[in-house]
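**Q**
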Amino acid sequence: MPTAVLTDHERTAVQAYLRLLHTVRAAFDGPPEGAPPAVVPPGVLAEAETALAGAGLAGNEAEFFRLLGEWCPPAA
Numbered sequence: 001m002p003t004a005v006l007t008d009h010e011r012t013a014v015q016a017y018l019r020l021l022h023t024v025r026a027a028f029d030g031p032p033e034g035a036p037p038a039v040v041p042p043g044v045l046a047e048a049e050t051a052l053a054g055a056g057l058a059g060n061e062a063e064f065f066r067l068l069g070e071w072c073p074p075a076a
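1 is the number of the first residue of the sequence shown in UniProt numbering; add one for each residue after it.
(1) Give the single residue among A55, V44, G54 whose Cα lies nearest to the Cα of L20.
(2) Is the beta carbon of V5 sitting closer than 7 Å to the one on V24?
(3) Tell me where the alpha helix (DSSP H) around T50 begins and ends.
(4) Might you give, ordered along the chain, the residues of its own chain that have their beta carbon closer than 6 Å to the beta carbon of A48, omitting 5 neighbours on each side?
(5) Going by other Cβ atoms of all chains shown within 10 Å of its Cβ, with 16 needed for buried, is E33 buried or exposed?
(6) Just to confirm before moving on: does the CB-CB distance between E10 and L67 stay below 7 Å?
(7) Less than 7 Å between the C-beta atoms of A26 and A55, yes or no?
(8) With 16 as the cutoff for other CB atoms within 10 Å, does L57 come out buried or exposed?
What follows is the structure, encoded as structure tokens:
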């Protein structure tokens, strides 16, 4: 499989997306018993949106997911 060489903006966008994904997964896993419900902090979502826009990927999901797949392929 060829290795993708991302620009700094693309790499930042992928990393922000992965942080957002991990945050959302943690929220869905649920808080410990007795703790208030977890929500995705607005700053995490804003970081991802800003990074995607900075890389020119806002509104271009197909290109973004192609980059994401090349940089962070799914586990076999």
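Even glycine gets a Cβ: it sits at the ideal position worked out from N, Cα and C. Note that this is a predicted model, so its numbers are computed, not measured.
**A** Reading from the atomic positions:
(1) V44
(2) no
(3) 42–54
(4) A16, Y17, L20
(5) exposed
(6) yes
(7) no
(8) buried
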